[in-house]
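Here the sequence shown is numbered in our numbering, starting from 124 and rising by one per residue.
Here the structure is laid out as structure tokens; the discussion comes afterwards.
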Amino acid sequence: MEDEVFEQIVSVFNALVSWVAAGAMVFGGVVPYIPQYRDIRRTQNAEGFSTYVCLVLLVANILRILFRFGRYFETLLLWQSIIMIGTMLIMLNLCTDVRMAAELNTKRRSFIATDSKDEEIRLPKRLFLDFDWNYFWSWSRFMDYVQCVLSFTLVAAYITYLLLDSALFVESLGFLAVFTEAMLGTPQLYCNYQNKSTEGMSIKMVLMWTSGDTFKTGYFLLTQAPVQFWTCGLLQVFVDITILFQVYYYSRYPQKPVSHTVSHTTSAKAL
């Protein structure tokens, strides 16, 4: 009787641990962006966060979803990708609004300085359908980002449909998906390097990145996920640690800051 009670307790505990792990896998990737989102809303300044992080995550998760049509993996990972795509779109919407408001205020100040009227203030429209690579991923409207994501999804889905019977293509697609995600931190790494500072980047986000990526890589190893998943997970942890080293280095040895305006136009995982 006591053995049965003990087995039931162990069974309930295992089920609870499984639910917690599942929840951490699905929503854990979103948590790091909450402090960054709040910082951007509070300061109305998105220059310290690279929006190319959103691009990398959108591409990686779209490719991961398409990979599942060729090689099955856990449904939890599928939901993780769907929720991450939604999160990145929310981040892009905020960053676009903040950036356009900042540009408008800058132009308004310049007009006031020259005694011009507010009615004359106009911001140049940078649209996705203009196909101007000088302004790629730096458009004036959130809807342009949505159009770009939908176009990429449709093209990638069509190619996947045509080559779904090719084992080489499917495996390459899986590797490309997880490798792209593994490179998630590199835009922020480059943005910090250009600015010679980590100002404007949420350190909490990077710490959550590191802990989340470490947990995720361990989960991949324990569940025997495809080899592409855990090898690129290890690479992702390495990039996170490198960003944390930047935080230490630039705080210990402050560099001369460069113009945020210049760096923002040339680069885009702030935690």
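We put the beta carbon where it would ideally sit given N, CA and C, even for glycine.
Note that the coordinates shown come from a computational prediction; the quantities given were computed from them, not determined experimentally.
For residue i, the three-state DSSP class (helix, strand or coil)
i: Gly-171; result: coil
i: Leu-287; result: coil
i: Gly-297; result: helix
i: Tyr-372; result: helix
i: Gly-308; result: coil
i: Ser-274; result: helix
i: Leu-250; result: coil
i: Lys-319; result: coil
i: Val-269; result: helix
i: Arg-161; result: helix
i: Thr-106; result: With the chain represented from 124 up to 394, any question about residue 106 goes unanswered, as that position is not in the structure.
i: Trp-353; result: helix
i: Gln-359; result: helix
i: Asp-336; result: helix
i: Gln-131; result: helix
i: Ala-279; result: helix
i: Ala-260; result: Looking at the sequence provided, one finds Trp at residue 260 rather than Ala. Coil at Trp-260, not helix or strand.
i: Thr-303; result: helix
i: Thr-365; result: helix
i: Gly-151; result: coil
i: Met-324; result: coil
Contacting residues, own chain, Cβ-Cβ under 8 Å from residue i (five flanking each side not counted)
i: Tyr-373; result: Asn-315, Lys-319, Ser-320, Thr-321
i: Gln-369; result: Leu-312, Asn-315, Tyr-316, Thr-321
i: Ile-213; result: Tyr-160
i: Val-153; result: Ile-206, Met-207, Thr-210
i: Val-360; result: Thr-333, Asp-336, Thr-337, Thr-340
i: Glu-197; result: Thr-346, Ala-348
Cβ-based neighbour list, residue i, same chain, cut-off 6 Å, excluding 5 preceding and 5 following
i: Glu-304; result: Ala-183
i: Arg-249; result: Tyr-258, Trp-262, Ser-263
i: Ile-185; result: Thr-276
i: Leu-178; result: Trp-260
i: Phe-190; result: Leu-296, Gly-297, Ala-300
Classification of residue i by the beta-carbon crowding that lies within 10 angstroms, buried from 16 upward
i: Gly-308; result: buried
i: Leu-285; result: exposed
i: Met-266; result: exposed
i: Thr-340; result: buried
i: Phe-192; result: exposed
i: Arg-164; result: exposed
i: Thr-229; result: exposed
i: Thr-378; result: In the sequence on display, residue 378 carries Gln and not Thr. Exposed: under 16 other Cβ atoms inside 10 Å.
i: Gln-351; result: buried
i: Val-278; result: exposed
i: Ile-366; result: buried
i: Trp-353; result: buried
i: Leu-287; result: exposed
i: Leu-200; result: buried
i: Ile-188; result: buried
i: Tyr-156; result: buried
i: Leu-273; result: exposed
i: Leu-227; result: exposed
Own chain, CB closer than 7 Å to residue i, minus 5 neighbours either side, in chain order
i: Phe-251; result: Trp-262, Asp-267, Gln-270, Cys-271
i: Phe-298; result: Gln-351
Does the count of Cβ pairs from the stretch 158-176 and the stretch 324-333 closer than 8 Å reach three?
By the Cβ criterion, the stretch 158-176 is in contact with the stretch 324-333, since at least three pairs of Cβ atoms, one from each stretch, lie closer than 8 Å.
Please give me, in chain order, every unbroken run of the beta strand (DSSP E) with length at least 3 that falls completely inside the stretch 164-225.
For the stretch 164-225, not a single whole beta strand (DSSP E) run of length 3 or above is found.
Determine, using beta-carbon pairs with one atom in the stretch 168-180 and one in the stretch 214-234, whether at least three such pairs fall under 8 Å.
Yes, they touch.
Three or more beta-carbon pairs under 8 Å between the stretch 340-348 and the stretch 278-296, yes or no?
Because the criterion of three Cβ pairs below 8 Å is not met, the stretch 340-348 and the stretch 278-296 do not touch.
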